[in-house]
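To start, the structure under review is shown below, and the notes come after it.
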Amino acid sequence: PHAPDGPWYYAQVDLGFNYRITDLQAALGLSQLQRIDAFIEKRRALAARYDQLLQGLSVGTQAQSPDAKSAYHLYVVRVPAARRRAVFEAMRAADIGVNVHYIPVHTQPYYRELGFKAGDFPAAEKYYAEAISLPLYYDLSHDQQDRVIAALKQALAGAA
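Our numbering puts the first residue of the sequence shown at 52, with every later residue one more than the last.
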């Protein structure tokens, strides 16, 4: 079952650590570090292409500080909060792997038990209510990006 937020919801009920990595995975990770610069440059190029493709659409994108360069772990667009779930569901129905990153940590059950509550961090809550992460990965093709943007345009039109 999903919370009213949407199908992306998850709950953190305990504080813990994730140490689940095998020796083989660690070796693979170390070998991939030799190619990290190429991976980051490819992600930056894909993000720049998203920036171009999104011009003229009624979505917000993340501002970049002029003295820093993102490696683009995610590419997040912001849509009006009242339309976010409809846009998300339309994109998923079009077989586009969008997601929502991240639920504000202070709203998670573990932190609520510590006394945090909705309204404590309004900027984080506003961001969360508007955020949708578009697919972004090393092998993403321009054709796939075009399909993502076409589906987003259709979803935005349908969610109006």
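Glycine included, every Cβ here is placed at the ideal spot set by N, Cα and C.
(1) Take A206 and list the residues in its own chain whose beta-carbon comes closer than 6 Å to its own, dropping the five residues that flank it on each side.
(2) May I ask you to report which of helix, strand or coil DSSP gives T112?
(3) Quick check: what's the CA-CA separation for T112 versus D118?
(4) Contact defined as beta carbons within less than 8 Å: I believe P155 pairs with A175. What is the distance between those atoms, to the nearest angstrom?
(5) Measuring CA to CA, which of Q76, N150, Y179, I87 is closest to P58?
(6) What span of residues does the beta strand (DSSP E) with S184 cover, start to end?
(7) Does the separation of the CB atoms of D56 and Y161 fall below 8 Å?
(8) Which value, in whole angstroms, describes the spacing of the CA atoms of A132 and A180?
(9) Quick check: what's the CA-CA separation for H157 versus Y61?
(10) In terms of DSSP beta bridges, what is R129 paired with?
(11) Starting from the Cα of F90, find the closest Cα among L165, I147, H124 and give me that residue.
Let's see:
(1) Cβ contact annotation for A206 (same chain, cutoff 6 Å, sequence separation greater than five): V138, A141, M142, in chain order.
(2) Strand, per DSSP.
(3) D118 has its alpha-carbon roughly 18 Å from the corresponding atom of T112.
(4) Rounded, the Cβ-Cβ distance is 4 Å, consistent with contact.
(5) The shortest C-alpha to C-alpha distance from P58 to any of Q76, N150, Y179, I87 is the one to N150.
(6) Here the beta strand (DSSP E) through S184 covers 182 to 185.
(7) No, these two residues do not count as a Cβ contact at 8 Å.
(8) Counting only the Cα atoms, A180 lies some 5 Å from A132.
(9) Using only the alpha carbons, I get a separation of about 13 Å.
(10) Partner(s): G111, A182.
(11) Among L165, I147, H124, the Cα nearest to that of F90 is on H124.
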